[in-house]
Amino acid sequence: MGKFQGVDFYDIDSLLSEEEKLIRDSVREWVEAEVLPIIEEHYQQAKFPLHLVPQMGEMGLLGSNLPEEYGCAEINNVAYGLIMQELERGDSGLRSFASVQGALVMYPIFTWGSEEQKRYWLPRLASGEKIGCFGLTEPDYGSNPGGMKTTAVDDGDAYILNGAKMWITNGSIADVAVVWAKLDGVVRGFLVEKGTPGFSAPEIKNKHSLRASVTSELVFQDCQIPKENILPGTSGLKNALSCLTQARYGIAWGALGAAMACYDEALNYSQTRIQFDRPIASFQLIQDKLVYMLNEITKGQLLVLQLGRLKDQGKMHFAQVSLAKRNNVYHALEIARLARDILAANGISSEYQSMRHMCNLESVKTYEGTHDIHTLIVGEKITGISAFV
Amino acid sequence: MNIAVCVKQVPDTETRPKIDPSGKKMSEEGVKWILNPYDEFAVEEALQLVEKNGGEVTVISLGPAAVEPTIRAALAMGAQKAIRIEAEENPADPLVTAKALAEVLKQGNYDLIFFGKQAIDDDYAQVPQMVATALDLPCATVVVKLDIEGEKLTVEREIEGGKEKLSLSMPAVISAQKGLNEPRYRSLKGIMKAKKIPIETVQVELASGQLEIEKVKFPPEKQPGKIVGKGADAVPELVRLLHEEAKVI
Ligand SMILES: Cc1cc2nc3c(=O)[nH]c(=O)nc-3n(C[C@H](O)[C@H](O)[C@H](O)COP(=O)(O)OP(=O)(O)OC[C@H]3O[C@@H](n4cnc5c(N)ncnc54)[C@H](O)[C@@H]3O)c2cc1C
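Heads up: the sequence lines are chains A and B, in that order. By the count of this note's numbering, the first sequence reaches residue 389 at its end, each step adding exactly one. By the count of this note's numbering, the second sequence reaches residue 1249 at its end, each step adding exactly one.
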């Protein structure tokens, strides 16, 4: 198979600036050379490609839409989205890493951190020297994080954390965890450093999805953290949710990358696979599937591009992000399933990537707000009636 | 060190070529443009030299404003300056390009002038040598290794079946071959910085071409293969066909 040429049925490239295209193409080149040759093996062995982190840092892919002042690239949100797209064309695990590092760790430190916290953590997280994770979900509180049980108590000299977080991306490899816990009943953000007594982060093994990504539990047993490790600007669950808006924005772009990889693979395969003496691409049922894929990718591209332009103008609403995450991940997963179907038996082999993307996207559909939760967010926005309970 | 790197915008290697209706050139319709891959080795080498010895890298390209994205792509690797020599299109005659480049290079007082060993579109591999001649400078082509000690430049170049080691005085013209280095990935910071670097446009009177492309055509379609038989019995017939029909032995 030749080099990936992108999917652009509507000349959407003409809506991008030179620098947005150059950023996308540079990341694509890197993914092609450094990620694709190794990712399948890492996935099979359930290993995160840790060696790629410094490279991502050097290229400026971590927290890339944050200010230069803190060692970040300060690119616009469309370029940021294009990076997520290209990373996820490699693997959702790699994009998850970048989402967590940038949107869920660097963003809250940047937004609600003290100047010292920003000066210390942001440049190190941007370069990939340090890794972060984000602990919101608990074993009993997923879609309803407001019910969280993890608590912080002020004992005068320090905060004492107790509780557990579940399904935490990067948990076991993180140098710092942004942990959400209730202090006097109010959700606040805390920075918990690796090695703090009373803090452990065992890895969750034997996953069927996101195998090239680390997922962990975070356990806090009378874990004492210095007072200066609270994120001073945090004042409620809304802060955690606004981090999620940042990450979901990137996911809406990222899902397109996985979808493009699957479409590209299925299209190529269908043109070369011969059955009944002709390429399977000549059958109407196959063409119907391919057209569905292209159709949804194209719609998704226009959706996130406009979303990105709104974000750059400061006009984006979180319900718009929900719509985009919901739509793009849903269709990416359908596209991956159809690609696997077109590849038939070869589709289950590790020689091809569609099934890896398919399995990954099952997680992507669930995390950062499940598909159905996003339905309720948009539903509430348009009707004015909350249907969560 | 003051280094110039001459770069060319070429169609992406994955482009499926189409012939222009004139029959005299490739169609540019729907083509995705990239920095000539051999030029990336040239840019990388220049950047490494400057990072080690100090100085500046100037990227130079001849063509219409449409080649500026490619100039930016080279700047984004880390070059400091850029010059575009105005031309409506890329001249068909490499001598025209070489003369124009030489005209501009003459004014830059460069210690080294880098090129890729050839452009992957027309594959002429002529411009570096012609520029060296026009400037009366020593030239090493197809270079895979380069060392500088004081004023002395030693290079290794690929030759049939081996390598040749040369020493040159500076200034000199070098054309880069794959293997010279591992070109870096463009970083976002590099891209953002490149955006702010002005591309100087210069006008040079282009010489008239002395070489004209009459026609471009695709190679003949491959004929289907032929099975002459099975086992050792088929060998004499195979040998006969290879000798008499295919004329390869
Ligand atoms: C690989 C992976 C990585 C993750 N990484 C992180 C991370 O880094 N940090 C973090 O904090 N979390 C992380 N998560 C957790 C993720 O965000 C949660 O799994 C998600 O929010 C859903 O929670 P749950 O799994 O507990 O499902 P539940 O909330 O138990 O939902 C179960 C089902 O019920 C539905 N449902 C729930 N409430 C309603 C309702 N009101 N109306 C209708 N339907 C409803 C859901 O849509 C779902 O289908 C990760 C998860 C995975 C799988």
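Just so it is clear, CB atoms sit at the ideal spot from N, CA and C, and this is done for glycine as well. Keep in mind the model is a prediction, meaning the values are calculated, not measured.
Proximity below 7 Å, CB of residue i to CB of residue j
{"i": "Asn1181 (chain B)", "j": "Tyr1110 (chain B)", "result": "no"}
{"i": "Ala1004 (chain B)", "j": "Lys1099 (chain B)", "result": "no"}
{"i": "Met166 (chain A)", "j": "Thr137 (chain A)", "result": "yes"}
{"i": "Gly308 (chain A)", "j": "Met84 (chain A)", "result": "no"}
{"i": "His357 (chain A)", "j": "Ala261 (chain A)", "result": "yes"}
{"i": "Pro1248 (chain B)", "j": "Leu1238 (chain B)", "result": "It should be noted that the sequence gives Val, not Pro, for residue 1248 (chain B). Contact flag unset, no."}
{"i": "Ala1042 (chain B)", "j": "Ala1176 (chain B)", "result": "yes"}
{"i": "Ile1085 (chain B)", "j": "Leu1062 (chain B)", "result": "yes"}
{"i": "Met56 (chain A)", "j": "Leu62 (chain A)", "result": "yes"}
{"i": "Arg188 (chain A)", "j": "Tyr43 (chain A)", "result": "no"}
{"i": "Lys118 (chain A)", "j": "Arg124 (chain A)", "result": "no"}
{"i": "Ala1046 (chain B)", "j": "Val1057 (chain B)", "result": "yes"}
{"i": "Ala258 (chain A)", "j": "Ser92 (chain A)", "result": "yes"}
{"i": "Leu1075 (chain B)", "j": "Ile1197 (chain B)", "result": "yes"}
{"i": "Ser1167 (chain B)", "j": "Thr1154 (chain B)", "result": "yes"}
{"i": "Thr1097 (chain B)", "j": "Val1127 (chain B)", "result": "yes"}
{"i": "Trp30 (chain A)", "j": "Tyr1185 (chain B)", "result": "yes"}
{"i": "Lys1189 (chain B)", "j": "Gly60 (chain A)", "result": "yes"}
{"i": "Ala1102 (chain B)", "j": "Leu1135 (chain B)", "result": "yes"}
{"i": "Leu231 (chain A)", "j": "Gly113 (chain A)", "result": "yes"}
{"i": "Ala1140 (chain B)", "j": "Ile1113 (chain B)", "result": "no"}
Local conformation of residue i per DSSP, three classes
{"i": "Tyr159 (chain A)", "result": "strand"}
{"i": "Val100 (chain A)", "result": "helix"}
{"i": "Gln221 (chain A)", "result": "strand"}
{"i": "Asp264 (chain A)", "result": "helix"}
{"i": "Ser282 (chain A)", "result": "helix"}
{"i": "Ala1194 (chain B)", "result": "helix"}
{"i": "Leu1153 (chain B)", "result": "strand"}
{"i": "Thr298 (chain A)", "result": "helix"}
{"i": "Glu1164 (chain B)", "result": "strand"}
{"i": "Asn144 (chain A)", "result": "coil"}
{"i": "Gln275 (chain A)", "result": "strand"}
{"i": "Asp372 (chain A)", "result": "helix"}
{"i": "Gly1174 (chain B)", "result": "One point to set straight first is that residue 1174 (chain B) is Ile, not Gly, in the sequence displayed. Of the three classes helix, strand and coil, the one that applies to Ile1174 (chain B) here is strand, per DSSP."}
{"i": "Arg1016 (chain B)", "result": "coil"}
{"i": "Thr383 (chain A)", "result": "helix"}
{"i": "Ser216 (chain A)", "result": "strand"}
{"i": "Asn229 (chain A)", "result": "helix"}
{"i": "Gly1263 (chain B)", "result": "Residue numbering for chain B in the displayed model covers 1001 to 1249; residue 1263 (chain B) lies beyond these limits and cannot be assessed."}
{"i": "Asn137 (chain A)", "result": "It should be pointed out that residue 137 (chain A) corresponds to Thr in this sequence rather than to Asn. In the structure shown, Thr137 (chain A) sits in coil (DSSP, three-state: anything other than H, G, I, E or B)."}
{"i": "Lys289 (chain A)", "result": "helix"}
Supposed contact pair residue j and residue i - C-beta distance, whole angstroms, cut 8 Å
{"i": "Gly146 (chain A)", "j": "Leu237 (chain A)", "result": "5 Å"}
{"i": "Thr215 (chain A)", "j": "Thr245 (chain A)", "result": "Thr215 (chain A) to Thr245 (chain A), Cβ: 22 Å. No contact."}
{"i": "Ala174 (chain A)", "j": "Leu161 (chain A)", "result": "About 15 Å; that fails the 8 Å criterion."}
{"i": "Lys365 (chain A)", "j": "Leu333 (chain A)", "result": "6 Å"}
{"i": "Lys325 (chain A)", "j": "Glu368 (chain A)", "result": "7 Å"}
{"i": "Glu1156 (chain B)", "j": "Glu1164 (chain B)", "result": "7 Å"}
Boundaries of the beta strand (DSSP E) in which residue i is found, first to last residue
{"i": "Pro67 (chain A)", "result": "Element bounds for Pro67 (chain A): n/a, residue is neither H nor E."}
{"i": "Asp1147 (chain B)", "result": "1139-1149"}
{"i": "Leu1035 (chain B)", "result": "1033-1035"}
{"i": "Ile1056 (chain B)", "result": "Residue identity differs from the one stated: residue 1056 (chain B) is Glu in this sequence, not Ile. Counting along the chain, the beta strand (DSSP E) containing Glu1056 (chain B) begins and ends at 1056-1063."}
{"i": "Arg119 (chain A)", "result": "Where Arg119 (chain A) is concerned, there is no enclosing beta strand (DSSP E), although the alpha helix (DSSP H) it sits in stretches over 115-127."}
{"i": "Gln1009 (chain B)", "result": "1009-1011"}
{"i": "Ile204 (chain A)", "result": "Note, Ile204 (chain A): premise wrong, no beta strand (DSSP E); not H, not E."}
{"i": "Phe110 (chain A)", "result": "Per DSSP, Phe110 (chain A) belongs to no beta strand (DSSP E); it is in the alpha helix (DSSP H), 107-112."}
{"i": "Leu1101 (chain B)", "result": "From DSSP, Leu1101 (chain B) is part of no beta strand (DSSP E) but of the alpha helix (DSSP H) over 1094-1106."}
Continuous alpha helix (DSSP H) stretch holding residue i: start and end
{"i": "Gln320 (chain A)", "result": "318-347"}
{"i": "Asp25 (chain A)", "result": "18-30"}
{"i": "Thr196 (chain A)", "result": "Here Thr196 (chain A) belongs to no alpha helix (DSSP H), and DSSP marks it neither H nor E."}
{"i": "Leu87 (chain A)", "result": "77-90"}
{"i": "Asp1136 (chain B)", "result": "Element bounds for Asp1136 (chain B): n/a, residue is neither H nor E."}
{"i": "Arg356 (chain A)", "result": "354-366"}
{"i": "Ala1074 (chain B)", "result": "1068-1075"}
{"i": "Val1235 (chain B)", "result": "1235-1244"}
Residue i: CB within 6 Å of a non-hydrogen atom of ligand 3
{"i": "Ser99 (chain A)", "result": "No copy of ligand 3 occurs in the structure displayed; its ligands are ligand 1 alone."}
Chain E residues whose Cβ lies nearer than 9 Å to that of residue i
{"i": "Ala73 (chain A)", "result": "No chain E is present in this structure, whose protein chains are A and B."}
Mind checking the region 1066-1089 of chain B against chain A and listing, in chain order, the residues whose C-beta falls within less than 7 Å of any C-beta there? From the region 1066-1089 of chain B, only Pro1069, Arg1072, Ala1073, Ala1076 have a Cβ closer than 7 Å to chain A.
Which residues, in chain order, does the region 1183-1194 of chain B contribute to contact with chain A at a C-beta distance below 7 Å? Residues of the region 1183-1194 of chain B whose Cβ lies closer than 7 Å to any Cβ of chain A, in chain order: Tyr1185, Arg1186, Ser1187, Leu1188, Lys1189, Ile1191, Met1192.
Using a Cβ-Cβ cut-off of less than 9 Å, give me the residues of the region 30-50 of chain A that come near chain B, in sequence order. Contact annotation: in the region 30-50 of chain A, residues whose CB is within less than 9 Å of a CB in chain B are Trp30, Ala33, Glu34.
Looking at chain A, which residues of the region 1014-1025 of chain B have a Cβ within less than 8 Å of any of its Cβ atoms? Going along the region 1014-1025 of chain B in chain order, one finds Glu1014 with a Cβ nearer than 8 Å to chain A.
Quick one, which residues of the region 3-28 of chain A are near chain B if we go by CB-CB under 7 Å, in chain order? Taking 7 Å as the Cβ-Cβ cut-off, the region 3-28 of chain A approaches chain B at Lys3, Gln5, Glu18, Glu19, Leu22, Ile23, Ser26, given in chain order.
Compile a chain-ordered list of the residues in the region 306-334 of chain A whose CB is closer than 8 Å to at least one CB of chain B. So the list is empty, because no residue satisfies the distance condition.
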